[in-house]
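Only one structure is covered here, and it is reproduced in the block below.
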Amino acid sequence: MAGMLEGKCALITGAGTGIGRGAALCFARHGARVAVADIASETGEETVRMIKADGGDAIFIRCNVAAAAEVKAMVERAVAAFGRLDCAFNNAGVEASLLKLADDSEENFDRLVSINLKGVWLCMKHEIHQMTAQGGGAIVNTASTAGVVGTELHAIYCATKFGVIGLTKTGAIEYAREGIRINAVCPGGTETPMLQRLIPELKQRGRVMGRMTPLARTAQPEEIGEAAAWLCSDRASFVTGHALVADGGLTVQ
């Protein structure tokens with residue numbers, strides 16, 4: 003049976019590791035040709051090799067999503083390679099140290115906003131131009147449970163992820179009649195390098211991510227990738243403006 007993304011051309015940012023890599027592998031297994039984008043060439047190229055070893059089709063594009071010219075060139079290169087852009091998963095993002103709002107720095111604020119929020123906006127901007135020209139498409143943005151509820155010691159990160167959901171909902175309204183669906187996925191704790199970097203601080207504060215959810219575990223990157231793939235597929239054809247929470251029940255407690 004054909005995969006739910008069979009014949010589609012996809013662009014995934016932050017696809018060198020974590021959720022982005024899991025999603026890239028997932029999209030390819032569902033039949034998509036994948037443009038793997040990341041700021042780190044080594045890990046991005048490794049994702050491409052993994053897709054090809056599994057029988058898929060992929061290219062690597064180096065891109066800093068906070069740089070407008072690079073984002074524009076990224077979308078253009080993906081279209082040049084595949085002929086169109088059917089779906090995009092704007093996943094690139096960074097974490098921050100656990101600090102109270104008033105103890106955080108302006109430098110950290112600017113870094114998080116430029117990558118997590120401005121980066122998503124820039125990607126959406128150029129993807130929407132392409133999708134409008136070709137008659138439609140689907141976009142998914144990575145938000146977070148920290149974009150749905152307040153999260154202690156994550157004030158700036160929360161602000162960026164709430165902002166991603168705001169961009170998602172507004173874009174969904176503005177471009178629905180252009181045939182473009184725009185949704186977000188909101189992961190809870192997921193087994194990624196980002197989480198691994200935070201674990202020492204979390205443990206110092208007596209927090210163990212897996213124990214905080216009713217499912218009593220963290221997610222695997224591919225599980226979040228499956229959610230994004232479904233939102234990008236025609237099976238979600240009547241879904242737009244939605245922030246899909248995939249958090250093992252964390253936020254319903």
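The working numbering numbers the first residue of the sequence shown as 3 and each following residue consecutively. Quick reminder that beta carbons are idealized off the backbone N, C-alpha and C, glycines included.
Taking buried to mean at least 16 other C-beta atoms within 10 Å of its own C-beta, is residue i buried or exposed?
| i | result |
| --- | --- |
| Ile175 | exposed |
| Ala82 | exposed |
| Asp249 | buried |
| Ser43 | exposed |
| Gly18 | buried |
| Gly181 | exposed |
| Lys163 | buried |
| Thr192 | buried |
| Asp236 | exposed |
Using 8 Å as the threshold, is the C-beta distance between residue i and residue j below it?
| i | j | result |
| --- | --- | --- |
| Thr170 | Gly190 | no |
| Cys11 | Leu87 | yes |
| Val122 | Thr253 | no |
| Val166 | Leu246 | no |
| Val73 | His128 | yes |
| Phe62 | Val96 | no |
| Leu13 | Cys234 | no |
| Gly24 | Thr15 | no |
| Asp106 | Ala157 | yes |
| Gly58 | Pro223 | no |
| Tyr159 | Ala98 | yes |
| Arg35 | Phe91 | no |
| Thr267 | Asn93 | Outside the displayed range of the chain (3 to 255) lies residue 267, so it cannot be described from this structure. |
| Ala80 | Ala60 | no |
| Gly117 | Tyr177 | Note on residue identity: the sequence assigns Ile, not Gly, to residue 117. Contact: no. |
Could you compute how far the alpha carbon of residue i sits from the alpha carbon of residue j?
| i | j | result |
| --- | --- | --- |
| Ile141 | Leu100 | 30 Å |
| Asn66 | Cys125 | 11 Å |
| Ala71 | Gln255 | 43 Å |
| Glu47 | Lys54 | 11 Å |
| Thr134 | Glu108 | 37 Å |
| Lys120 | Gly227 | 22 Å |
| Arg183 | Ser239 | 8 Å |
| Ala230 | Val115 | 23 Å |
| Arg207 | Leu155 | With a pLDDT of only 48 at Arg207, under the threshold of 50, the placement of this residue in the model should not be trusted; the figure read from the coordinates follows. The straight-line gap from Cα to Cα measures roughly 11 Å. |
| Val241 | Gly5 | 19 Å |
| His2 | Thr45 | The structure shown does not extend to residue 2, since the chain spans only 3 to 255, so no value can be given for it. |
In terms of residue numbering, what span does the alpha helix (DSSP H) encompassing residue i cover?
| i | result |
| --- | --- |
| Ala90 | Not the alpha helix (DSSP H): Ala90 falls in the beta strand (DSSP E), residues 89-92. |
| Leu27 | 20-31 |
| Leu2 | For the chain, the structure presents residues 3 to 255; residue 2 sits outside this window and is missing. |
| Ile167 | 157-177 |
| Asn110 | 108-114 |
| Glu78 | 70-84 |
Run through the DSSP bridge pairs and tell me what residue i is partnered with.
| i | result |
| --- | --- |
| Gly139 | Ile182 |
| Asp2 | With the chain represented from 3 up to 255, any question about residue 2 goes unanswered, as that position is not in the structure. |
If we define contact as Cβ-Cβ less than 8 Å, is residue i a contact residue for chain C?
| i | result |
| --- | --- |
| Asp249 | No chain C appears in this structure, which consists of one protein chain only. |
Would you kindly report the start and end of the unbroken beta strand (DSSP E) that includes residue i?
| i | result |
| --- | --- |
| Leu246 | 245-248 |
| Ala12 | 11-15 |
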